[in-house]
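> This is the structure I have questions about; it appears just below.
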Amino acid sequence: MLPLNELPDDALSCKKYSLIAPCIEQGMSVKQRSIETGIHRSTLTRLRNLFRSGGFSALERKQRSDKGRSEVGCDLSELIKAHLIALPHQSCATIQRMITRICSKQGWRAPSYSAVRRIYKNLPRDLLTLSKDSAEYKRLYEIPKALAPLH
Numbered sequence: 002m003l004p005l006n007e008l009p010d011d012a013l014s015c016k017k018y019s020l021i022a023p024c025i026e027q028g029m030s031v032k033q034r035s036i037e038t039g040i041h042r043s044t045l046t047r048l049r050n051l052f053r054s055g056g057f058s059a060l061e062r063k064q065r066s067d068k069g070r071s072e073v074g075c076d077l078s079e080l081i082k083a084h085l086i087a088l089p090h091q092s093c094a095t096i097q098r099m100i101t102r103i104c105s106k107q108g109w110r111a112p113s114y115s116a117v118r119r120i121y122k123n124l125p126r127d128l129l130t131l132s133k134d135s136a137e138y139k140r141l142y143e144i145p146k147a148l149a150p151l152h
């Protein structure tokens, strides 16, 4: 059986209702239902109250209002990327502390560690490889002396 967070929205609503249905239809106590299902009493009470106030649609998963928005602005994101590329052997925590000092001087809101880490994870791997290993860069992009034209 799939965990609740992996179910599609309509199946999740049905599953939530099936947990509280005996409490609503047959008058079973939430405590007894909690013992039967292994779901905590406060969770079942919350689901029952949601259903009573808004019906079946109240059991559906709500969309986040801030979904897709970044907490870091474009300028700050570019600054973080520049530091991550220019200082490839520094940890994300070190970069975050450096950026925090810059932000405090500029009067900007400092990014969290997780924001810096997310930007790091979204950087192209080949770019990070090239910034970390100049020998790899030379191997890929510089012409060997044997092939170079004579001047």
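Residue numbering for the sequence shown follows this note's numbering, starting at 2 and increasing by one per position.
Glycine included, C-beta positions come from ideal geometry on N, C-alpha and C.
On a predicted model such as this, the values are computed, not experimentally measured, just so you know.
1) Would you call the CB atoms of L45 and S35 closer than 7 angstroms?
2) Is it buried or exposed, A116, if we count other Cβ atoms within 10 angstroms and call 16 or more buried?
3) Along the chain, where does the alpha helix (DSSP H) that runs through I81 open and close?
4) With a cut-off of 8 angstroms, do at least 3 Cβ pairs link the stretch 73-85 to the stretch 94-113?
5) Leaving out the 5 sequence neighbours to the left and right, which residues in its chain are closer than 7 angstroms to I220 when beta-carbon positions are compared?
6) Measuring only the C-alpha atoms, how far is Q91 from I120?
7) Which residues in the same chain have their Cβ closer than 7 angstroms to the Cβ of I40, if we skip the five residues on either side of it in sequence?
8) Can you tell which of Q27, P112, L60 has the C-alpha that lies nearest to the C-alpha of S14?
9) Measuring only the C-alpha atoms, how far is K63 from L88?
10) Between S54 and T38, what straight-line distance do the alpha-carbon atoms span, to the nearest angstrom?
11) Please report the distance separating the alpha-carbon of P125 from that of G28.
12) Which of helix, strand or coil does DSSP assign to A111?
13) Taking only the alpha-carbon atoms, compute the straight-line gap between C75 and D127 and give it to the nearest angstrom.
Inspection of the coordinates gives the following:
1) For L45 and S35, yes; Cβs fall inside 7 angstroms.
2) Around the Cβ of A116, a 10 Å sphere holds 16 or more other Cβ atoms; the residue is buried.
3) Looking at the DSSP string, the run of the alpha helix (DSSP H) that includes I81 is 75-87.
4) yes
5) A question about residue 220 goes unanswered here, because the residues of the chain that appear run from 2 up to 152.
6) Computed Cα separation, rounded: 14 angstroms.
7) L20
8) When C-alpha distances from S14 are compared across Q27, P112, L60, the shortest belongs to L60.
9) 41 angstroms
10) 23 angstroms
11) 57 angstroms
12) Note: A111 maps to coil in three-state DSSP.
13) Distance between the alpha carbons of C75 and D127 is about 22 angstroms.
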